[in-house]
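Down below is the structure, laid out as structure tokens.
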Amino acid sequence: MGKGETDFSYQDASYRYEEEGNDLYAIRTADGTLLAVASKDIVNKADEMEELSFAVKHEALKAYANDGVSFQADGAEYQLDKDGNILSGDTVIGYISRFVVASKDNGVVITRDFKERLGEAIEADEKEFSYVSEDGEEHTYTISYDGGAKVWSVKQETETYVYDTYSSPSKAHPLGTDNNGMDMLTRLMYGGRVSLIIGFIVIIIETVIGVIMGGISGYFGGWVDNLIMRLVDIFYCIPSMPIIIILGAAMDNMKVEPQIRMLYLMLILGVLGWAGIARLVRGQILSLREQEFMTATEACGIRVSRRIFKHLIPNVMPQLIVSCTMGLGSVILTEATLSFLGLGVKFPFASWGNIISDVNNSYVMTTFWFIWIPAGICLLVAVLGFNFVGDGLRDAFDPKMKR
32 MGKGETDFSY QDASYRYEEE GNDLYAIRTA DGTLLAVASK DIVNKADEME
82 ELSFAVKHEA LKAYANDGVS FQADGAEYQL DKDGNILSGD TVIGYISRFV
132 VASKDNGVVI TRDFKERLGE AIEADEKEFS YVSEDGEEHT YTISYDGGAK
182 VWSVKQETET YVYDTYSSPS KAHPLGTDNN GMDMLTRLMY GGRVSLIIGF
232 IVIIIETVIG VIMGGISGYF GGWVDNLIMR LVDIFYCIPS MPIIIILGAA
282 MDNMKVEPQI RMLYLMLILG VLGWAGIARL VRGQILSLRE QEFMTATEAC
332 GIRVSRRIFK HLIPNVMPQL IVSCTMGLGS VILTEATLSF LGLGVKFPFA
382 SWGNIISDVN NSYVMTTFWF IWIPAGICLL VAVLGFNFVG DGLRDAFDPK
432 MKR
């Protein structure tokens, strides 16, 4: 074009270009195929529509240049209104404009409304303009023009948050912050709540299942007792930790939400841990069912369910409370172990176990002691506390202890 020539060669093929008004057409000489069009106008697809074919764009530009109102392309009929909208039936599938607006970052969708507002600002020679996005937020954009490249750059001013990661203990953060800039004291309190809730709910599930199964087994005896005790033996033989690890990995693969994952964790731990309580309740009921008060309940015609849960279970409660209290510390430790291994409570929820998991990084373990030592101390104190309470209750309920 600079030399005034209309034919040229590229990679062993011959081409020519033709001018039609303000448009240029690049054509392959061998078969007359139209390859490209250079125009002052550009065809854009409408928002949320598929990309238009080259034939549709070409015919639309020709019709728009000649003030046409319709055109044909790809065997279909299209309409063109005075605003440059391309319609297929009553649906706007594209439009013609003078500006090529491209996003610098992939994945950012620029709407037609924004393009039109930008075009108005450029034509008015504005250095900046405001635009209200679809979410209702107003943003300010600055426009700068590069005369050499003949392009406009549009920039949006955004706020950037700098997280104070791994900051040392201070007045604002008494126990410092973690790698996400979260206050460790607050996270420690929330983590304690989660760990204790999981512990109590797991113990409740274990107790409910264990009391029902142990009560039925101890009262009826015979083949019922034999069947339930074989079931208890099976649950004793189940390798709990490998199963929990497998289920945790499966939930990771299925991308289970952290809140739902906590519910599954409590249910799994509860179902796998009821066997010990069932055996305790069975043993106590076997010794109680032959006593005089049980003979009296049978003579009075009290139904079986009431004999078990009204007269037998309350007599087992002292030993049951001791067992549950002692088991609570064990459940909290199990949850902490699983969270430490990345199989328990997941971010953004906190537990003492997943707080301590930061010691997987040797640099964090040796440098930022305030991240994991407080959680370890809380875990130690909680488990020791429940064990001491269990020991105290056992001594208090033991009739053979000297007062």
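For what it's worth, my numbering labels the leading residue of the sequence shown as 32, then goes sequentially.
Backbone N, C-alpha and C fix where the C-beta goes; we use that ideal spot for every residue, glycine too.
For V163, the pairing in a beta bridge is given by DSSP as E169. Its chain contains P205 and L206 as the residues whose beta carbon lies nearer than 6 Å to that of L216, once the 5 sequence neighbours on both sides are disregarded; these appear in chain order. When Q42, Y48, D43 and A44 are compared, the shortest CA-CA separation from K34 is found for Y48. Separation of the CB atoms of I308 and L343 is rounded to 15 Å, and the pair is thereby denied contact status at 8 Å.
In the three-state DSSP reduction, E151 falls in the helix class (H, G or I). The residue among E79, M80, F340 and E50 with its C-alpha nearest the C-alpha of A69 is E50.
Burial is judged here by how many other beta carbons sit within 10 angstroms of a residue's own beta carbon; F419 has fewer than 16 and is exposed. Beta-bridge annotation (DSSP): T208 is paired with D214.
Inside the stretch 51-133, DSSP marks whole beta strand (DSSP E) runs of 3 or more residues at positions 54-59, 65-69, 73-76, 101-104, 107-111, 116-119 and 122-128, from first to last along the chain. Here W403 carries a helix assignment [DSSP, helix/strand/coil]. Between the alpha carbons of S248 and A367 lies a gap of roughly 33 Å. Setting aside the 5 residues that flank it on each side, E157 is surrounded in the same chain by I174, each with a C-beta closer than 7 Å to its C-beta; the list follows chain order. Within 10 angstroms of the beta-carbon of D177 lie fewer than 16 other beta-carbons, which makes it exposed. DSSP places S370 in no beta strand (DSSP E) but in the uninterrupted alpha helix (DSSP H) bounded by I344 to F371. Assigned with DSSP and collapsed to three states, V414 falls in helix. G150 and F130 have their alpha carbons spaced roughly 7 Å apart. Here DSSP, grouped into helix, strand and coil, assigns Q322 to coil. Of G125, G167, D256 and A86, the smallest CA-CA separation from E79 is found for G125. Under the three-state reduction of DSSP output, V302 falls in the helix class. Between S226 and S336 a beta carbon distance of about 36 Å is seen, past the 8 Å cut, so the two are scored as non-contacting. For S198, there is no enclosing alpha helix (DSSP H), as DSSP gives it neither H nor E. Shown here, F380 sits in coil according to DSSP, grouped into three states, outside any helix or strand. Taking the Cα positions, P349 is about 15 Å away from R310.
Nearest neighbour of R338 by Cα position, chosen from I352, L319, G304 and C355, turns out to be L319.
Per DSSP, the continuous beta strand (DSSP E) segment holding V185 begins and ends at V182 to Q187.
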